[in-house]
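Asker:
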Amino acid sequence: MAAASSAHIGAGVLHHREKPMSPKGLDYLPKGPFVFHADPPADLNKNTSWLLYPGIWTSYVLIIGFVWMLFVSLGGVPSGLAWTYVHLLHFVITFYLLHWRKGSPFGEDQGIYDRLTMWEQIDDGVQFTRTKKFFTAVPVVLFLIASHATDYHDHPFFALNVLAVGILLLAKTPMLHKVRIFGINSDYPS
């Protein structure tokens, strides 16, 4: 095993091996004093890799709070009803973006994600990751806030809140991964 050496470039330190280790024992990797071998990022899909950036979850929650404040302050909507509006708006937007719209807007993907929704692309389709748990918890929390703020059964929007959270949770289940119910939004003719 060769000893590791370091080369200083600018203010940072670049570590490399004199004899780079290659996968499957093959020695085809380039060699030299300024060659740096790094692991690829966890998610190469540009359509979903932004979800791994720090601060995305906080920004997401702040946007939801900002929309609630817009309903309350500019719309003159009571606080409880505003949470219901936010929950239903969140349902419509996230259902369309995460569970209906397929593909990727990036040409570099060369169509490999054309038949997958964004939810199916997140974390390469692996279920129960931190990101997917977060995007599952948000509609549940919004449902609980909206339902509590409108006194559960006393308001006519309770049924819409239940329907919205039910559809979103059902769409996120592993049993519906890559499944198109009744062929709706399917790539193939039924």
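If you use the working numbering, the sequence shown corresponds to residues 1402 to 1591, in order.
Glycine included, C-beta positions come from ideal geometry on N, C-alpha and C.
Here the structure is a predicted model, which means the values were calculated and not measured.
#1: Quick check on DSSP: helix, strand or coil for residue 1579?
#2: Quick one: what's got a C-beta closer than 7 Å to residue 1532's C-beta in the same chain, skipping five residues either side?
#3: Just the C-alpha distance for residue 1504 and residue 1587, rounded to the nearest angstrom, thanks.
#4: On the premise that residue 1574 lies in contact with residue 1519, defined as a C-beta separation below 8 Å, what is that separation, rounded to the nearest angstrom?
#5: Let's test the definition: count the other Cβ atoms within 10 Å of the Cβ of residue 1548 and tell me whether it reaches 16, buried, or not, exposed.
#6: Helix, strand or coil: which one does DSSP assign to residue 1518?
#7: Nearest CA to the CA of residue 1483: which residue from 1492, 1471, 1513, 1580?
#8: What is the rounded straight-line gap between the Cα of residue 1570 and the Cα of residue 1553?
#9: Please go through the same chain and pick out, in chain order, the residues whose beta-carbon is closer than 7 Å to the beta-carbon of residue 1491, but skip the five residues on each side of it.
#10: Out of curiosity, what's the CA-to-CA distance linking residue 1423 and residue 1445?
#11: Identify whether residue 1503 lies in helix, strand or coil by the three-state DSSP scheme.
#12: Can you tell me the Cβ-Cβ gap for residue 1447 and residue 1507, rounded? I've got them flagged as a contact below 8 Å.
#13: According to DSSP, simplified to helix, strand and coil, what is residue 1410?
#14: How would you label residue 1551, buried or exposed, when you count the other beta carbons within 10 angstroms and need 16 or more for buried?
Answerer: Judging by the given coordinates:
#1: As a first step, residue 1579 must be located in the sequence shown, where it is residue number 178. Note: residue 1579 maps to coil in three-state DSSP.
#2: Along the sequence shown, one-based indexing puts residue 1532 at 131. Counting only Cβ-Cβ distances below 7 Å, and skipping sequence neighbours, we find 1452, 1523, 1524.
#3: Counted from its first residue, the sequence shown places residue 1504 at position 103. Counted from its first residue, the sequence shown places residue 1587 at position 186. Each residue's Cα considered, the two are about 13 Å apart.
#4: One-based indexing of the sequence shown puts residue 1519 at position 118. One-based indexing of the sequence shown puts residue 1574 at position 173. Contact flag wrong, Cβ pair sits at about 16 Å.
#5: Translated into the one-based positions of the sequence shown, residue 1548 becomes position 147. It counts as buried.
#6: For the purposes of this step, residue 1518 is taken as the residue at position 117 of the sequence shown. In the structure shown, residue 1518 sits in a strand (DSSP, three-state: E or B).
#7: Stepping through the sequence shown from its first residue, residue 1483 is reached at position 82. Distances from the alpha-carbon of residue 1483 to those of 1492, 1471, 1513, 1580 put 1471 closest.
#8: Numbered from 1 along the sequence shown, position 169 holds the residue referred to as residue 1570. Numbered from 1 along the sequence shown, position 152 holds the residue referred to as residue 1553. Between the alpha carbons of residue 1570 and residue 1553 lies a distance of about 19 Å.
#9: Taking the sequence shown and counting its residues from 1, the one referred to as residue 1491 is at position 90. Answer for residue 1491: 1465, 1540, 1543, listed in chain order.
#10: Reading the sequence shown from its first residue, position 22 is the one you call residue 1423. Reading the sequence shown from its first residue, position 44 is the one you call residue 1445. Low local confidence applies: a pLDDT of 46 at residue 1423 is under 50, so the model's placement there is unreliable, with the coordinate-based value given in what follows. Looking at the two C-alpha atoms, the distance is approximately 20 Å.
#11: Looking up residue 1503 in the sequence shown gives position 102. In the three-state scheme derived from DSSP, where H, G and I count as helix and E and B as strand, residue 1503 is classed as strand.
#12: Position 46 of the sequence shown holds residue 1447. Position 106 of the sequence shown holds residue 1507. Correct: roughly 5 Å between the Cβ atoms.
#13: As a working mapping, residue 1410 is identified with position 9 in the sequence shown. With a pLDDT of only 45 at residue 1410, under 50, the local geometry of the prediction cannot be trusted, and no value is derived from it.
#14: Start at 1 with the first residue of the sequence shown, and residue 1551 comes out as number 150. Buried, since its Cβ has 16 or more Cβ neighbours within 10 Å.
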